[in-house]
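Chains as they are written, first to last, in the working numbering: chain A, 1491 to 1724; chain B, 40 to 439; chain C, 161 to 479; chain D, 1207 to 1493. Every residue gets a Cβ at the ideal spot worked out from N, C-alpha and C, and that includes glycine. Here the structure is laid out as structure tokens; the discussion comes afterwards.
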Amino acid sequence: MFEVIKLNIFRGEIHVLWDVSLNVEEGEIVAVIGANGSGKSTLIETILGLLIPKSGNIKFFNKEISNQPSYEIARMGIAWVPEGRRIFKNMSVYENLEIGSYPRRARVNFAKNIKWIYELFPILKTRANKSAGLLSGGEQQMLAIGRALMLEPKLLLVDELSLGLAPKITQEVFEVIKELRRRKITVLLVEQNVDLALKNSDRCYILETGKVTLSGKSSELIKNKEIRKAYLGL
Amino acid sequence: MLKKRFFSIFISLVITMLLISSISIMAQEETIKIGVVGPRTGPAAATGVAFEEGIELALDYINTTKGGILGKKVEVIFEDTGGVPEKAASAIEKLITRDKVSIVVGESHSSCALAEIEIANRYEVPFIIAEAWVDEVTSKGYKWIFRAGPCNSGVVDNIIQWIVAEDFKKIMIVAENTDWGLGIKKLSEEGLQKEGIPYNSIITAVESQEYYTELNKIIDYAPDLILAYIYGFGVHDFIAQANEVGLSPANALILEGAGPPSLWPEFWENVGEAGELECFVSAMHSKVELTEVAKRFREDYAKKFNREPTDYKSRSIYNVLLIAADAIERAGSADGEEIVKALEETELEVASGVVKFGLEPGTVKYHQWQPPMLIIQWQNREQVVVFPKEAATGELKRGK
Amino acid sequence: MKKSNKNLLLVIFLGIVVCLPFLLDDYWLHVAILTLFYVIMASSWNLLAGYTGQVSFAHAAFAAIGAYISGILSVQMSISPLITLLFGSVIAAIFGLGLGLLCLKMGGIYLSLTTLGFSEIVHIIIKNEYEITRGTMGLEVPNLLGFYSKTAYFYIMLLVTFIIIFFLAKLIKSDHGLKFKSVLNDELAASSIGIDTVKVRVIAFTISSAIAGFAGGLYGHYLLLITPEMSSLSQMFMILAMTIIGGMGTLSGPIAGAVFLQVLSEYIRIFGKFHLLLFGVISLLVIKFAPGGIVGLYRKITQSKTDPLKIETQSKYDY
Amino acid sequence: MSSLFVNIFNGIVIGTIYALSALGISLILGAMNVMNFAHGEFYIFGAYFSYFFSRSLGFSPLIAILLSLGLIFWIGFLVEKTLIHSTYGNLMDSLIITFILSIVLQNIALIIFGPYPKKPPSWIIGSINVLDLFYYSSQRLITFIVAVLLLILFFIVMNKTWFGKIVRAISADREVASLMGINCDKVNSFSFGFGVALAGVAGAIISPIFGVTPMGGVGIGLTSVVVVVLGGMGSFKGCVIGGLLLGIIENIGVAYISSGYRNIFGFIILILILLFRPSGLFGTTIK
């Protein structure tokens, strides 16, 4: 359903992504892992329509989206849980979720969806009228996920979920990702934390200095000696 | 690389300079050129419009009715000062050096006039000022500078005489912080002190539209007359707000010390009923005409613009143009020295009286002709001359 | 063009500029002197806005400070304007340094707002402290030379203009200049390679204030009259419009812009009412359609053949 | 004593107008990262249009204000589309463009409406005796009431409508907002129109008191910027409190120091705030 084909991206003079290809099937959780500077965020930005590729295609349900503006991409059903949460701090929790359901498609199901989000994250219901800026880091991450889910996404892009969160909270948040798998929501997980990413995904791509160097089933990759050595320090 | 930069710098500099020089050589025309300076832009652009009207009427009269002077047509070049002294200096410099005018007239900003007289004097070109009231214009004693219009001390003399005649008890002076406002405030204070009349004064910002704080100070002082030396729309706001706070006309009358703002078409729109019983200084009255020329001016004006003249500055510029044309004619040439000599001997009837320049050197009266100034009061939206007594068309009415 | 040819042309042009007083009448010489003043003002403002990206609205105010300090000293203390001129410049530089130290660490919009506030405060004080500044009446000041000669003044202005532009050119070419540019292009990168961005900005700000103060003094002692209008926002607008129309961030841009607008304003004198409007509209058109200004257009025309269009990955949003 | 009351009261009345106009700047700054220097000129055009509709075409004041409000909105909308659009993300460019725009608009106003002051008719005449302390113009009181109602309306729009919420979301994080499916460019044109319409309506309702001149926008434009900085960039609540504060400070300052310095207080406050608390009373700093 979602394909990235031979993507080449430049930032100014610098060639950041080299012939990157990947695909995600419906209902899968796919992880893209890589160290800092490997081109992960560039990949995300390109998918979200913030960067124009020099060459290559991005297809979503067989439709080319790399030439679409960001808001169209969102309206097509790609939702984003940004790195560092980036919730609307000047607005209440409820308003954040409201904004999440902005596209007409999602807005009609607002009541149903918010009920589901509140079930998923009961804490958000108790804080509904609180200013989002006052939430704790974990709560903010939940809000960011909830906000993205309000869009009724067909594909959820999750960007550095674990960044800046306590391990315990990270675990809690990843439980939700697993819950999404049960709900048949397709997830593209971009993670620095290789261990977590491998444990919580079906398939995995490894990005190194802008190139996909390895890909395969997560359950197999986690056994791969090279990876264990390079990323997990084992 | 550096040289390359310089290269392009030089090109740009030089090409334009060459352009400048090629344009500066212009064909000479067979006309007598008179320069006019005045604000056509900026906050006092209204004066520029009045000037334009006056110039048109004067040219019609001189060129069409009289058939020109010395057998030539008169051409007027009107330069904008924007009400800014530097621009004014540039404007008169341009008139003198580039347009080679024989004489310059006009101006209504004291600050601009002060800058311009230096230049006219330096280039030895006669300059007749119409409406810049500051005393220094003539008290500096420049040979080339004349003024056929009010000076602050002349206007203040009038006002003080009126105050004494009407027996006002306590005076409040409100002056804007401009050369004119501050100058006339100081003279008024001196005059009131001499007469032993108690007074107090406030200075306001020239762009101000809000006078409540000042008005409350005035209420605390409780005067029976307010001398408002504010030029422009500010005085409309002042009058309207003085009425709102219950000050005028019930408890004190307002004398507006400039004149034109009380005659502008928007006056009644802006002040509403608060304009009733307001007094102002003016060289012109809607009904009373002092001379035949004034009648002719009014008729020509009505014919040309299909309305009554409101801003008396159109008449001021008309006057000085007539004076200038008359002087050139009597001088018999466009020579500066001759024109000055002719001007000193002027005895010409214009719209506001018979012009005769004072010749006492070292005083404000040197090269100065003060037109008679009237004090007019609005009574039921009619102009009533209340001072001087010999021209009065009615009695001063008080608020209570 | 060969280098020797260029040098020859340079000498010829220099000769013509030097001969200008013999080619122009008094009035156009006056315009030329004013143009040189604006060349200095726009060039020094460009050092700030074009090279370090700080849009200061206080440049006209610094010129006014220089002019008034020099004027007041020369009137009240009867000191020769040749000396007070330097005082004016130094005081303007001190104000520039102070303002720079106070607000430059914030940079950006805060700098613009602070300089705007400062400029208005200067304007209001000059207008209101009429006992010292003679308010809107304007302060009459003595002639720089003690006698009045446009030709002499033209040469003084020309000399000063050349020295200042030469100095600015040297500065921009120097290490400092590189630092200025890196501050403009990427503040983060600049600070990461060890450039103290605040220091660089303060230096640029102080230098340009000093130049403005000096130019203001020269201007005042030429016109013999200094008024609060010198520190007004419309004066600031002229400087800004000249720089933008000429080409911001280039050495020759402000010069071309100042000359172009000054000469243009002479041609459209008859449309006195419209000239600010026209300058504004031209500036907007330049920003919209030729962001490089006159210089940018010139370069585009002369270099279009050698410079193939590059298509790069670009960001749709700049932030 | 009564003069202290009248000064404070008057400060509050003028302050609400400042607040209304400043909210427009704040909205535009927040939503678009554009510092609108030409705000004061939209204020005078609001006043001019209401003058034109009420004096020249004879509409009732309310209709005249609504018409001019709509007109200013669409002018703002078009200005955004043509001029401001290309400056996104570059605060300096927007500053320069709107600065030039302000000069252009002033001169257009001068040519169209002339240099004389224009004053729409008052809605009400006379004055009211306030608590036996001082007389106060009825027109000012009504203007004050209308301004307060408009402020309330503004907060309702910002907090309860989709438009308000979207604008707030964009102010917080433009990129994220656009990835929630919001077409930021479209919203920008609307918010610019809405922002300058606030200045326009402030001008329209105050013009029966002060009248309007081509240069009359400079002061209010600068004052609005001061209010925004004072209240804290991006804070609407800050704008209201900053506006009232500045109104009161100016009036007290004029009463006890000098009226020639009326406009200086705002700028001194501006510099002090920028020096000691750049985030203003309630805001956050921006890049």
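Residues that B:His148 contacts on chain D, provided the C-beta gap is smaller than 8 Å:
Position 109 of the second sequence, counted from the first residue, corresponds to residue 148 of chain B. Neighbours of B:His148 on chain D: none; closest Cβ ~14 Å, over 8 Å.
Based on the DSSP secondary-structure assignment, which residues constitute the bridge partners of B:Val115?
As a first step, residue 115 of chain B is located in the second sequence; it is residue number 76 there, counting from the start. Partner(s): B:Ile73.
Of all the options A:Glu1585, A:Ile1555, A:Ala1622, which has the alpha carbon lying nearest to the alpha carbon of A:Lys1579?
Along the first sequence, one-based indexing puts residue 1579 of chain A at 89. Closest option to A:Lys1579, Cα to Cα, is A:Ala1622.
Within 8 Å (strictly less), CB to CB, does C:Val441 reach chain D?
Taking the third sequence and counting its residues from 1, one reaches residue 441 of chain C at position 281. So, interface residue.
Could you give the uninterrupted runs of the beta strand (DSSP E) lying entirely in the segment 1531-1609 of chain A, keeping only those of 3 residues or more?
1545-1550, 1568-1571
Across which residues does DSSP place B:Asn239 in a beta bridge pair?
As a first step, residue 239 of chain B must be located in the second sequence, where it is residue number 200. Answer is B:Met211, bridged to B:Asn239.
Roughly how many angstroms lie between the CA atoms of C:Gly306 and B:Tyr268, to the nearest whole one?
Within the third sequence, the letter at position 146 stands for residue 306 of chain C. Within the second sequence, the letter at position 229 stands for residue 268 of chain B. Each residue's Cα considered, the two are about 38 Å apart.
Between which two residues does the alpha helix (DSSP H) harbouring C:Trp188 extend?
In the third sequence, counting from the first residue as 1, residue 188 of chain C sits at position 28. Counting along the chain, the alpha helix (DSSP H) containing C:Trp188 begins and ends at 186-209.
Return the Cβ separation of C:Thr311 and C:Leu196 in integer angstroms, given the expectation that the two are a contact with Cβ distance under 8 Å.
Here residue 311 of chain C refers to the residue found at position 151 when the third sequence is read from its first residue. Here residue 196 of chain C refers to the residue found at position 36 when the third sequence is read from its first residue. About 13 Å; that fails the 8 Å criterion.
Sequence-distant residues of its chain with Cβ nearer than 6 Å to D:Ile1214 (five each side left out)
Within the fourth sequence, the letter at position 8 stands for residue 1214 of chain D. Same-chain partners within the cutoff: Ile1454.
Mind reading off the beta-carbon distance from B:Gly77 to B:Thr120? Whole number of angstroms is fine, and I expect it under 8 Å.
Locating residue 77 of chain B in the second sequence gives position 38, where the first residue counts as 1. Locating residue 120 of chain B in the second sequence gives position 81, where the first residue counts as 1. So it is a contact: roughly 6 Å between Cβ atoms.
Starting from B:Ala267, follow the beta strand (DSSP E) in both directions and report where the run begins and ends.
Here the question's residue 267 of chain B lines up with position 228 in the second sequence. From DSSP, the beta strand (DSSP E) with B:Ala267 extends over 264-268.
Where does A:Val1680 sit, in a helix, a strand or coil, going by DSSP?
In the first sequence, residue 1680 of chain A corresponds to position 190, counting from 1. Correct three-state label for A:Val1680: strand.
Neighbour list for A:Val1580 in chain D, Cβ cutoff strictly below 8 Å:
Counting from one through the first sequence, the residue named residue 1580 of chain A turns up at place 90. Per the sequence presented here, residue 1580 of chain A reads as Asn, with Val not at that position. The answer, in chain order, is Arg1374, Ser1377, Ala1378, Gly1440.
Tell me, please, whether the segment 1356-1365 of chain D touches the segment 1234-1247 of chain D by the rule of three or more beta-carbon pairs shorter than 8 Å.
no
Give me, in chain order, the residues of the same chain whose beta-carbon lies closer than 6 Å to that of B:Gln422; leave out the 5 immediate sequence neighbours on both sides.
Locating residue 422 of chain B in the second sequence gives position 383, where the first residue counts as 1. Hits under 6 Å: His324, Ser325, Ile415.
Beta strand (DSSP E) containing A:Lys1701: first to last residue?
Against the first sequence, residue 1701 of chain A aligns to sequence position 211. Segment 1701-1707, the beta strand (DSSP E) holding A:Lys1701.
Could you tell me whether any Cβ in chain D is nearer than 8 Å to the Cβ of B:Ala66?
Within the second sequence, the letter at position 27 stands for residue 66 of chain B. Low local confidence applies: a pLDDT of 43 at B:Ala66 is under 50, so the model's placement there is unreliable, and no value is given.
When we look at the beta-carbon of A:Gly1527 and count the other beta-carbons within 10 Å, is it buried (16 or more) or exposed?
Translated into the one-based positions of the first sequence, residue 1527 of chain A becomes position 37. A:Gly1527 comes out exposed.
Supposed contact pair B:Tyr405 and B:Gly193 - C-beta distance, whole angstroms, cut 8 Å
Along the second sequence, one-based indexing puts residue 193 of chain B at 154. Along the second sequence, one-based indexing puts residue 405 of chain B at 366. Not a contact, Cβ separation roughly 13 Å.
State the Cα-Cα distance for the pair D:Ile1220 and B:Ile265, rounded to the nearest angstrom.
Locating residue 1220 of chain D in the fourth sequence gives position 14, where the first residue counts as 1. Locating residue 265 of chain B in the second sequence gives position 226, where the first residue counts as 1. If I take the Cα positions, the gap works out to 25 Å.
Give me, in chain order, the residues of the same chain whose beta-carbon lies closer than 7 Å to that of C:Glu300; leave out the 5 immediate sequence neighbours on both sides.
The sequence position of residue 300 of chain C within the third sequence is 140, counting from 1. Within the same chain, C:Glu300 has close Cβ partners Leu384, Leu385.
Could you tell me whether any Cβ in chain D is nearer than 8 Å to the Cβ of B:Gly121?
The count along the second sequence starts at 1 and reaches residue 121 of chain B at position 82. Closer than 8 Å: no.
Report yes or no: is there a C-beta of chain A within less than 8 Å of the C-beta of D:Asn1389?
The residue labelled residue 1389 of chain D in the question sits at position 183 within the fourth sequence. By this cut-off, D:Asn1389 is an interface position.
Between the Cα of B:Val203 and those of B:Thr217, B:Leu231, B:Lys182, B:Gly81, spot the shortest distance and give me the residue it belongs to.
Residue mapping note: residue 203 of chain B aligns to position 164 of the second sequence, counting from 1. Cα-wise, what sits closest to B:Val203 is B:Leu231.
Would you list, in sequence order, the uninterrupted beta strand (DSSP E) runs of no fewer than 3 residues that lie entirely inside the segment 157-230 of chain B?
166-168, 184-186, 210-215
Which residues bound the alpha helix (DSSP H) around A:Leu1647?
For the purposes of this step, residue 1647 of chain A is taken as residue 157 along the first sequence, with counting starting at 1. Counting along the chain, A:Leu1647 falls outside any alpha helix (DSSP H), though it belongs to the beta strand (DSSP E) covering 1645-1649.
For chain C, is any of its Cβ atoms less than 8 Å away from the one on D:Asn1216?
Within the fourth sequence, the letter at position 10 stands for residue 1216 of chain D. Not an interface residue.
So B:Glu421 is in the beta strand (DSSP E); what residue range does that whole segment cover?
If you number the second sequence from 1, residue 421 of chain B lands on position 382. Counting along the chain, the beta strand (DSSP E) containing B:Glu421 begins and ends at 421-426.
Report the neighbours of A:Ser1560 on chain D: residues whose CB is nearer than 8 Å to its CB, in chain order.
Counting from 1 along the first sequence, the entry for residue 1560 of chain A is found at position 70. The contacting residues are Glu1381, Ser1384, Leu1385.
Closer than 8 Å to chain B by CB, C:Gly376
For the purposes of this step, residue 376 of chain C is taken as the residue at position 216 of the third sequence. So, not an interface residue.
Residue range of the beta strand (DSSP E) that C:Tyr308 falls in?
In the third sequence, counting from the first residue as 1, residue 308 of chain C sits at position 148. It is not in any beta strand (DSSP E) - C:Tyr308 carries neither H nor E in the DSSP assignment.
What residues of chain A sit near D:Lys1371, judged by a beta carbon separation below 8 Å?
In the fourth sequence, residue 1371 of chain D corresponds to position 165, counting from 1. Under the 8 Å cutoff, chain A gives Met1581, Glu1585, Glu1588, Ile1589.
Does D:Phe1398 come within less than 8 Å of chain C when only Cβ atoms are used?
Locating residue 1398 of chain D in the fourth sequence gives position 192, where the first residue counts as 1. False, the Cβ-Cβ gap to chain C never drops below 8 Å.
Considering only residues of the same chain and omitting the five flanking positions on each side of A:Lys1644, which have a CB-CB separation below 6 Å?
Within the first sequence, residue 1644 of chain A is the residue found at index 154, counting from 1. Same-chain partners within the cutoff: Gly1567.
Does the segment 1591-1605 of chain A come close enough to the segment 1528-1540 of chain A that 3 or more CB-CB pairs lie under 8 Å?
no
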